[in-house]
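Report on the following structure.
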Amino acid sequence: MNAEAGTLLIKGGRVIDPVRRFDATADLLLVAGKIEEIGRPDPPPGCPVIDATGLVVAPGLVDMHVHLREPGFEFKETIASGTRTAAAGGVTSVAAMANTNPVIDDPSVVGYILEKARAAGHANVFPIGALTRGLRGETLTEMGLLQKAGCVAFSDDGRPVMDSGVMRKALDYSRAFNALLIQHAEDLGLAARGCMNEGVVASRLGLPGIPAESEDIIVDRDIRLVSLTGGRYHVAHISTRGAVQAVAAARARGLPVSCEATPHHLALTDIAVGDYDTDAKMSPPLRGEVDRQALREGLAQGVVTVIASDHAPHDLDSKRVPFCQAANGVVGLETLLPITLELVAEGVVNLNAALAAITCNPAQLLGIDRGTLLPGRPADVVLFDANEAWTVDAARLHGMARNTCFHGRPVRGRVKVTILAGRIVYRDGD
Amino acid sequence: MDAMTQLHEEIVMTADAVRQAVDRLAQHIQADVTQPQNWVVIGIRRGGAVVARLLRDRLTQLRGITLPIGYLDITFYRDDLDTVGPNPLVGATDLAMDIDDKHIILVDDVLFTGRTIRAALNALFDFGRPEGVSLAILVDRGHRQLPIQPDYVAETLETQRRESIKLVEKGTGEFVVVRRLRA
Amino acid sequence: MTAKRSTLKRKHLLGMAELSRTDITQILETAASIREINYRDIKKVPTLRGKTIINLFFENSTRTRTSFELAGKRMSADVVNISVASSSVAKGETLIDTMITLQAMNPDVVVVRHAEPGVHALLARHVDTAVVNAGDGGHEHPTQSLLDMLTIEDNLHRLNRKNFEGLVVAICGDVLHSRVARSNAIGLRTMGAQVRLVGPPTLMPRFAEEALGAPVFYDLDEGLAGAQVVMVLRLQLERMHAAFIPSVREYFKFWGLSRRRLACAAPGALVMHPGPVNRGVEISSELTDDPERTVILDQVANGLAIRMAVLYRLCSGRVVVEKEQMTTDATLKGEGP
Ligand SMILES: [Zn+2]
Numbered sequence: 373m374n375a376e377a378g379t380l381l382i383k384g385g386r387v388i389d390p391v392r393r394f395d396a397t398a399d400l401l402l403v404a405g406k407i408e409e410i411g412r413p414d415p416p417p418g419c420p421v422i423d424a425t426g427l428v429v430a431p432g433l434v435d436m437h438v439h440l441r442e443p444g445f446e447f448k449e450t451i452a453s454g455t456r457t458a459a460a461g462g463v464t465s466v467a468a469m470a471n472t473n474p475v476i477d478d479p480s481v482v483g484y485i486l487e488k489a490r491a492a493g494h495a496n497v498f499p500i501g502a503l504t505r506g507l508r509g510e511t512l513t514e515m516g517l518l519q520k521a522g523c524v525a526f527s528d529d530g531r532p533v534m535d536s537g538v539m540r541k542a543l544d545y546s547r548a549f550n551a552l553l554i555q556h557a558e559d560l561g562l563a564a565r566g567c568m569n570e571g572v573v574a575s576r577l578g579l580p581g582i583p584a585e586s587e588d589i590i591v592d593r594d595i596r597l598v599s600l601t602g603g604r605y606h607v608a609h610i611s612t613r614g615a616v617q618a619v620a621a622a623r624a625r626g627l628p629v630s631c632e633a634t635p636h637h638l639a640l641t642d643i644a645v646g647d648y649d650t651d652a653k654m655s656p657p658l659r660g661e662v663d664r665q666a667l668r669e670g671l672a673q674g675v676v677t678v679i680a681s682d683h684a685p686h687d688l689d690s691k692r693v694p695f696c697q698a699a700n701g702v703v704g705l706e707t708l709l710p711i712t713l714e715l716v717a718e719g720v721v722n723l724n725a726a727l728a729a730i731t732c733n734p735a736q737l738l739g740i741d742r743g744t745l746l747p748g749r750p751a752d753v754v755l756f757d758a759n760e761a762w763t764v765d766a767a768r769l770h771g772m773a774r775n776t777c778f779h780g781r782p783v784r785g786r787v788k789v790t791i792l793a794g795r796i797v798y799r800d801g802d
Numbered sequence: 078m079d080a081m082t083q084l085h086e087e088i089v090m091t092a093d094a095v096r097q098a099v100d101r102l103a104q105h106i107q108a109d110v111t112q113p114q115n116w117v118v119i120g121i122r123r124g125g126a127v128v129a130r131l132l133r134d135r136l137t138q139l140r141g142i143t144l145p146i147g148y149l150d151i152t153f154y155r156d157d158l159d160t161v162g163p164n165p166l167v168g169a170t171d172l173a174m175d176i177d178d179k180h181i182i183l184v185d186d187v188l189f190t191g192r193t194i195r196a197a198l199n200a201l202f203d204f205g206r207p208e209g210v211s212l213a214i215l216v217d218r219g220h221r222q223l224p225i226q227p228d229y230v231a232e233t234l235e236t237q238r239r240e241s242i243k244l245v246e247k248g249t250g251e252f253v254v255v256r257r258l259r260a
Numbered sequence: 009m010t011a012k013r014s015t016l017k018r019k020h021l022l023g024m025a026e027l028s029r030t031d032i033t034q035i036l037e038t039a040a041s042i043r044e045i046n047y048r049d050i051k052k053v054p055t056l057r058g059k060t061i062i063n064l065f066f067e068n069s070t071r072t073r074t075s076f077e078l079a080g081k082r083m084s085a086d087v088v089n090i091s092v093a094s095s096s097v098a099k100g101e102t103l104i105d106t107m108i109t110l111q112a113m114n115p116d117v118v119v120v121r122h123a124e125p126g127v128h129a130l131l132a133r134h135v136d137t138a139v140v141n142a143g144d145g146g147h148e149h150p151t152q153s154l155l156d157m158l159t160i161e162d163n164l165h166r167l168n169r170k171n172f173e174g175l176v177v178a179i180c181g182d183v184l185h186s187r188v189a190r191s192n193a194i195g196l197r198t199m200g201a202q203v204r205l206v207g208p209p210t211l212m213p214r215f216a217e218e219a220l221g222a223p224v225f226y227d228l229d230e231g232l233a234g235a236q237v238v239m240v241l242r243l244q245l246e247r248m249h250a251a252f253i254p255s256v257r258e259y260f261k262f263w264g265l266s267r268r269r270l271a272c273a274a275p276g277a278l279v280m281h282p283g284p285v286n287r288g289v290e291i292s293s294e295l296t297d298d299p300e301r302t303v304i305l306d307q308v309a310n311g312l313a314i315r316m317a318v319l320y321r322l323c324s325g326r327v328v329v330e331k332e333q334m335t336t337d338a339t340l341k342g343e344g345p
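Protein chains in written order, with the working numbering: chain A, 373 to 802; chain B, 78 to 260; chain C, 9 to 345.
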C-alpha cells in the first residue's frame with residue numbers, strides 16, 4: 373500500500389524550528405503536504421524515507437524581496453526560472469516585487485503571476501502589490517482588492533515614494549487592511565546621477581556617488597509619518613548606519629517599523645566595486661565599512677529582523693556596459709543561505725536567530741503561514757549541510773541570470789534537499 | 078631574465094687594445110680626408126657614439142683640425158620592434174650640423190648583421206642628402222645578413238652567432254670589448 | 009636609465025594609477041628623445057610602419073584626437089579615426105559591439121575617449137587589443153597628465169629643482185568632474201610632488217584628501233601660497249545649471265586665476281591649463297597670453313611627443329627586458345654631449 377502523495381519521513385536530522393526555538397535531533401513526518409509530527413513519529417506503511425543524518429532540517433526559507441521579472445522582462449528571468457533558482461537555494465517562498473511590466477497594480481496581474489507560479493511548481497510566490505499606480509508615486513493602488521487577490525505587502529520598490537503627502541496617505545489608508553508597506557528608501561534629489569556609494573572608492577574611480585544620507589532622510593521622514601498614521605512600515609534593503617539607528621529608535625518607541633538587510637550589504641563594502649565591476653552595482657549601493665558593521669550590529673540586536681536577497685536578475689547586456697549605465701541589482705536566491713550562515717560562523721548571530729531572519733520573521737511580517745515546522749502547516753522544508761564548503765560559481769546558478777557579486781567566494785552551507793508541500797522540488801546533484 | 082645571471086663574460090679587447098684600434102682607424106681615415114671642411118663624424122648610439130668621440134679626438138691630434146661630430150639614435154628605425162622591450166631605451170639624436178653635401182664617417186663599435194647600419198642610413202637620409210658615407214668600425218664580428226661592408230675596420234673577430242660582443246665602460250673613460258655567451 | 013623592471017606588463021594605458029615611478033620616468037625620457045623628430049624637416053620616422061591605430065572617440069575632442077592622429081602618423085602607423093555620436097551609444101551594449109567589430113580589423117592600438125568613467129576597464133576586459141585611455145568621464149586622462157609632467161620637467165630649472173621631489177603643485181578648479189585633476193594628482197604624487205587641490209566645496213570630490221592623497225583648499229590664495237606650479241582646470245559651463253556654482257561672475261571672483269591672485273604663488277610659478285581655455289572664467293585673458301608665466305602651447309607640443317612615446321611603448325614587443333641589454337645600455341648612458 374502506497375503512502376498518500378506529499379508524505380515523507382525525514383530521519384535523523386538536526387531539526388530547527390526558529391519560531392519556537394526548537395533545536396534537536398529528531399525525525400520529521402510530513403503527511404499529505406502538511407507537517408504532521410516532530411519527534412519519534414510512527415510513519416504510515418510505505419512512507420518514503422530521507423536519511424537526514426548530519427544535515428540541518430529547517431523550514432523552507434522565505435525570501436521577502438525578490439524580483440521575478442515576469443511579466444515583461446522574461447529575457448532576464450521568468451517565474452519558472454526564478455522559482456527554480458529559489459528551490460536550489462532552499463527558498464520555498466518568495467515575495468515578488470511589483471516592478472514588472474505591467475506593474476503589479478491590478479488584480480489581473482496578481483492572478484497571472486499566481487497561475488504561472490502554480491504551473492511551475494518550484495516555490496510559493498507571494499506577489500507584492502505596487503504602492504502607487506504604475507509606480508509613479510502619485511495615486512494609491514487598490515490595496516484592498518489587491519490584497520484579496522493575493523498581495524501580501526505593498527511597495528514601489530526600485531524607486532521610493534518621494535512625495536511625503538502620498539506616503540502619508542498610503543500609510544494611513546493601509547491601516548484599513550493591516551497591510552505592510554515596504555519602502556525603497558532613497559532621496560532621489562540627493563542620489564542624483566549617483567551610481568555607487570559616495571566615498572573614497574567613488575572619488576578614486578571618478579564615479580558620481582550616492583550619499584548614505586539619501587537613505588537616512590527617507591527613513592527618518594517615513595518614521596515620522598508612521599508615528600503620525602500608525603501604518604505598518606518596513607524598510608527594504610537597509611544599508612546605512614543612520615537608517616538602522618532610526619529603525620532601532622522607532623522600534624524602541626513601539627512603532628510598527630521593521631527592516632531587512634541583504635546578504636551583500638551584510639557581507640561586502642563598496643571596495644567590491646573594484647575596477648568598475650558592474651556585478652557589484654545595485655540600489656542601494658554597497659556602502660562603507662561603518663555602515664556594514666552597523667547592519668551586523670542591528671542584526672545582532674534584533675533591529676534588523678529579516679535577511680532578504682533582493683534577487684535582481686539581469687541579462688548580460690544590461691551589465692556589460694559602462695558602470696554608470698549598467699542596471700542595478702544582483703541575483704541572490706542561491707547565496708541567501710550560505711552568506712547568512714557566514715554571519716553565524718563569524719559570531720554575529722546564533723544559528724536560530726539567523727534562520728529566523730530567513731524563515732519565520734519575514735513570514736510573520738507578510739502574514740503567511742510559512743517559515744515554520746509547526747504541525748498542520750504546509751510541509752515546506754529545507755535540508756542542508758551546514759558545513760559543506762563550496763565556491764560560488766556564476767555559471768552554475770539555476771536561474772537565467774549570472775549577475776552575482778559573490779562569484780568565486782568560498783562559502784559553507786549547501787542545500788541538499790528542498791521540499792515544497794511534501795514534494796521534493798530540488799535535490800543537490802540532480 | 079634569471080637565466081641571464083649565469084652569464085659567461087670575457088674581455089676580448091682591453092682598454093689599451095681599444096685605444097690602439099681607434100688609433101689605427103684614425104690613421105686609415107686621415108689619409109682620405111682631403112677636404113676636412115666637408116667631413117662630419119657621426120656615431121651610432123650607444124657604443125658607436127663612444128668610438129666616434131675617441132676617433133674624432135684622435136683625428137684632431139693627428140691633423141690639428143676638429144671635425145664636427147653628431148650622434149644618431151636608430152631606435153625608431155629598427156626593424157625588430159616586436160622584439161625590443163616594452164620600455165625601449167631611446168637616446169637623443171643630435172645632429173646640429175647641416176649634412177647636405179657633406180662626407181659622413183658613420184661610426185659604430187661592432188658590425189654584426191648589418192641591420193643597425195641599414196637603420197642608421199635610413200635615419201641619416203631623413204636629415205639631408207650627404208655627398209657620401211663611409212663606414213668606420215671598431216670590431217667586425219661577421220655574420221652579415223645584409224650587403225653592407227665597412228670602409229675602415231680596426232679589428233676582426235671570430236665569433237659564434239649566439240655570442241654578444243659589446244663595448245662597455247670599465248672605470249671612468251676606460252672602454253673594453255667583452256664577449257658574452259647568451260644563455 | 010634604471011634597470012628596474014616595469015610594472016606595466018599589460019599592454020594598455022588605462023590610468024596613471026597603474027604606472028610606477030619607473031614607468032613614468034621611462035615614458036618622459038622616451039618622449040623627450042622623440043621630441044626632436046617634430047623639429048626636423050622630415051617629421052616622420054618608420055618606427056610603427058605596418059601598425060594600425062584606431063582613434064575611437066565617443067566624445068568630441070578635436071585636440072586630443074588630432075594629437076593622437078599626428079603622433080601615429082609621424083611614426084608611420086596607419087591611423088583611422090572613428091567618431092561615434094554619443095546619442096547612438098546611449099544604449100551601451102553597442103559599445104562592446106563596436107569594439108569587437110573594430111577588433112576584427114586587427115588593430116594594434118585602440119585609443120578611446122568616452123564620457124563614462126571606467127569604459128576602458130570594461131573594454132580591456134572584453135577585447136585583446138591594446139587600449140589607450142584618452143579620457144573616460146571624470147576618471148582619468150593619463151596622456152594629459154604625462155604631457156603636463158613633461159612640461160613641468162622642461163621648466164624644473166626655472167623653479168630651481170632637479171626633479172619632482174617636493175615640488176608644490178596646486179590643481180585649481182572643478183576637481184570633482186576633472187579627469188585631468190585625478191590623473192595629475194595621482195601621477196605627480198607617484199613622482200614625489202606635493203599636490204594640493206583648490207576649488208569650491210561643491211566641485212571637490214568627497215574624501216578627496218583620502219582618495220587622491222592631496223590636501224584640499226577652498227580659498228584660492230591659501231591654496232596658491234608657495235605653489236611652484238599652478239594647474240588651472242577648465243570649468244564646464246553646464247555646471248551652473250546643476251547648481252554646483254551660482255554664476256561665472258562669482259566663480260571667477262573667488263577661484264579664477266589672474267596675475268594678482270598668482271602673486272600668492274611662489275615667484276616664477278608656472279601656469280598650466282589643459283585647454284581649451286575659458287577666458288575670464290577660470291583664468292584671466294591677460295594671464296593666458298603671458299608667455300612668461302603660461303606654458304599652454306608647450307603643453308600642446310609635448311602632448312604630441314608623449315603620445316608618440318606611449319604608442320611606441322605599446323607597440324613594442326616583448327615584456328621581459330634582457331638584463332644584459334639593460335646593463336650595457338646603462339653603462340653607456342649619457343655618452344656624447
Ligand atoms: Zn529596492
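Idealized CB from N, CA, C, for every residue including glycine.
Annotation: glutamine 617(A) to glutamate 706(A) spans about 29 Å, alpha carbon to alpha carbon. Interface residue (Cβ-Cβ distance to chain A less than 9 Å): glutamate 148(C) is classified as such. Listed as beta-bridge partners of glutamine 555(A) by DSSP are Val607(A). Minimum Cα-Cα distance from glycine 384(A) among the listed residues Asp399(A), Val391(A) and Phe394(A) corresponds to Asp399(A). Pairing alanine 138(C) with leucine 322(C) gives a Cβ-Cβ distance under 9 Å. Between the C-alpha atoms of leucine 562(A) and valine 721(A) there is a straight-line separation of about 33 Å.
One finds nothing in chain C with a Cβ atom closer than 8 Å to the Cβ of threonine 190(B); even the nearest lies about 16 Å away. Counting C-beta pairs closer than 8 Å gives three or more between the region 225 to 236 of chain C and the region 265 to 274 of chain C, which meets the contact rule.
Taking 9 Å as the cut-off, the Cβ atoms of glutamate 661(A) and threonine 641(A) count as close. Rounded to whole angstroms, the separation of the alpha carbons of valine 118(B) and arginine 101(B) is 16 Å.
A direct Cα-Cα distance of roughly 18 Å separates glutamine 202(C) from leucine 27(C). Taking the Cβ atoms as the reference, serine 546(A) lies roughly 6 Å from methionine 515(A), within the contact range of under 8 Å. The DSSP assignment places complete beta strand (DSSP E) segments of no fewer than 3 residues inside the region 712 to 791 of chain A at 753 to 763, in order along the chain. Among the bridge pairs identified by DSSP, cysteine 631(A) is matched with Val607(A). A heavy atom of ligand 1 is found nearer than 8 Å to the CB of alanine 608(A). When the Cα atoms are used, arginine 441(A) and leucine 688(A) turn out to be separated by approximately 15 Å. Cβ-Cβ separation between arginine 257(B) and glutamate 240(B): approximately 7 Å, consistent with a contact (criterion under 8 Å). Only Arg692, Val693, Pro694, Phe695, Cys696 and Gln697 from the region 691 to 717 of chain A bring a Cβ to less than 7 Å from some Cβ of chain C. If you draw a 10 Å sphere on the C-beta of alanine 729(A), you find 16 or more other C-beta atoms in it, and that means buried. Within the region 79 to 153 of chain B, the beta strand (DSSP E) runs of at least 3 residues that lie entirely inside it are, in chain order, 85 to 90, 116 to 121 and 146 to 149. In this structure, DSSP gives isoleucine 160(C) a helical state, which the three-state scheme calls helix. At a cut-off of 9 Å between C-beta atoms, methionine 24(C) does not count as an interface residue with respect to chain B. Residue side-chain check: aspartate 529(A) places its Cβ nearer than 8 Å to a non-hydrogen atom of ligand 1.
The C-beta of phenylalanine 215(C) comes closer than 9 Å to at least one C-beta of chain A.
In this structure, the C-beta of histidine 686(A) stays at least 8 Å away from each heavy atom of ligand 1.
DSSP places methionine 534(A) in the coil class of the three-state scheme, outside both helix and strand. Annotation: the region 235 to 314 of chain C contains the following complete segments of the beta strand (DSSP E) (minimum length 3 residues), in chain order: 237 to 240 and 278 to 280.
Nearest CB-CB separation between aspartate 144(C) and chain A: below the 9 Å threshold.
A distance criterion of 8 Å places the beta-carbon of serine 599(A) beyond contact range of ligand 1, judged by its closest non-hydrogen atom.
With a threshold of 16 other beta carbon atoms within 10 Å, isoleucine 88(B) falls short and is exposed. A heavy atom of ligand 1 is found nearer than 8 Å to the CB of aspartate 682(A).
The beta carbon of proline 275(C) sits no closer than 9 Å to any beta carbon of chain A.
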